[in-house]
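Novice:
Residue numbers (the working numbering): 2 to 114.
1. Here's the rule: buried if 16 or more other CB atoms are within 10 angstroms of the residue's CB, otherwise exposed. What is residue 57?
2. For residue 27, which residues in the same chain have their Cβ closer than 6 Å to its Cβ, ignoring the five residues on either side in sequence?
3. Taking the alpha-carbon positions, what's the residue 87 to residue 41 distance?
4. Alpha carbons only, please: which of 66, 3 and 15 is nearest the one belonging to residue 24?
5. With residue 53 as the anchor, note down where its beta strand (DSSP E) starts and where it stops.
6. Alpha carbon to alpha carbon, how far is residue 68 from residue 90?
7. Between residue 63 and residue 22, what straight-line distance do the alpha-carbon atoms span, to the nearest angstrom?
8. Can you tell me the Cα-Cα spacing of residue 55 and residue 102, whole angstroms?
Given below as structure tokens:
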């Protein structure tokens with residue numbers, strides 16, 4: 002939170018200085034906190050509002066989804082979470098990940114047509 006907000010203000014301050022204007026000092030304001038506590042469970046606090054459980058987990062996911070740097074990434078991440086929520090986790094065979102070079106060597110050793 003701090004670094005992202007400081008970076009945005011720094012960019013504005015650099016522009017201001019280049020224009021001959023005075024920079025603005027960074028003052029941190031706490032916007033609250035969110036945390037995921039496993040699948041479908043979380044905590045959220047902002048000001049006097051405090052939530053826990055599934056709604057807080059959704060707030061946690063929403064906050065972190067919207068923190069992605071581009072709209073394309075935001076969409077992919079949030080869409081993936083949505084699919085996992087309704088369709089379950091995507092389970093795939095990861096046996097080739099243990100020895101990824103074997104697949105490459107097998108393919109490279111084939112005779113060329």
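We put the CB at the ideal spot given by N, CA and C, even for glycine. If you're wondering where the values come from, they're calculated on a predicted model, not measured in any experiment.
Specialist: Judging by the given coordinates:
1. Residue 57 counts as buried, since at least 16 other C-beta atoms from the protein chains shown sit within 10 angstroms of its C-beta.
2. Excluding residues within five positions, the ones whose Cβ falls inside 6 Å are 7 and 10.
3. Cα-Cα distance, rounded: 12 Å.
4. Closest by C-alpha distance to residue 24, out of 66, 3 and 15, is 15.
5. Per DSSP, residue 53 belongs to the beta strand (DSSP E) from 50-54.
6. Their Cα atoms are separated by approximately 23 Å.
7. In this structure, the straight-line span from the alpha carbon of residue 63 to that of residue 22 is close to 37 Å.
8. Take the alpha-carbon of residue 55 and the one of residue 102: they are about 42 Å apart.
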